[in-house]
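Just below is one structure, and these are the notes that go with it.
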């Protein structure tokens, strides 16, 4: 059983399309099928070179991961990203989309997220 667990990914993700082009919503679970996070994946796809000025810099495709909700503690985030990055790269890379990096963004702490004045 322990060897089987070692050969298994630490996390897996269920993906669904959204109403926005190149945007997916995902739910991440650990190997025990316990909830870990809700994420939004945004595929940042460069424009074709014919659509940009000749002197425009060259950019590569990127995946942006917005972590909308998570059961992870701040101390678990680095391990989460290290485990999820190859999983996402393998699952989302295709002949036409080969991202050169995956960037993660997290919500602000509740105390700093207010946008309206308290009265």
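Numbering (the UniProt record's numbering), first residue to last: 1 to 119.
Even glycine gets a Cβ: it sits at the ideal position worked out from N, Cα and C.
Compare the C-alpha of residue i against each of the options and name the closest.
i           : options        : result
residue 34  : 96, 106, 70    : 70
residue 31  : 96, 59, 21, 11 : 11
residue 104 : 97, 63, 74     : 63
residue 42  : 23, 29, 93, 97 : 23
Please confirm whether residue i and residue j have their CB atoms less than 7 Å apart.
i           : j           : result
residue 37  : residue 67  : yes
residue 40  : residue 25  : yes
residue 130 : residue 99  : What is shown of the chain runs 1 to 119, which leaves residue 130 out entirely.
residue 9   : residue 102 : no
Quick one: grab the DSSP three-state call for residue i.
i          : result
residue 28 : strand
Assign residue i to one of two classes, buried (16 or more other C-beta atoms within 10 Å of its C-beta) or exposed (fewer than that).
i          : result
residue 15 : exposed
residue 80 : buried
residue 47 : exposed
residue 78 : exposed
residue 59 : exposed
residue 4  : Annotation note: pLDDT 46 at residue 4 (below 50); position unreliable, coordinate value reported separately. Residue 4 should be labelled exposed.
Kindly provide the ranges of any alpha helix (DSSP H) runs that are 4 or more residues long and lie completely inside the region 39-81, ordered along the chain.
-> none
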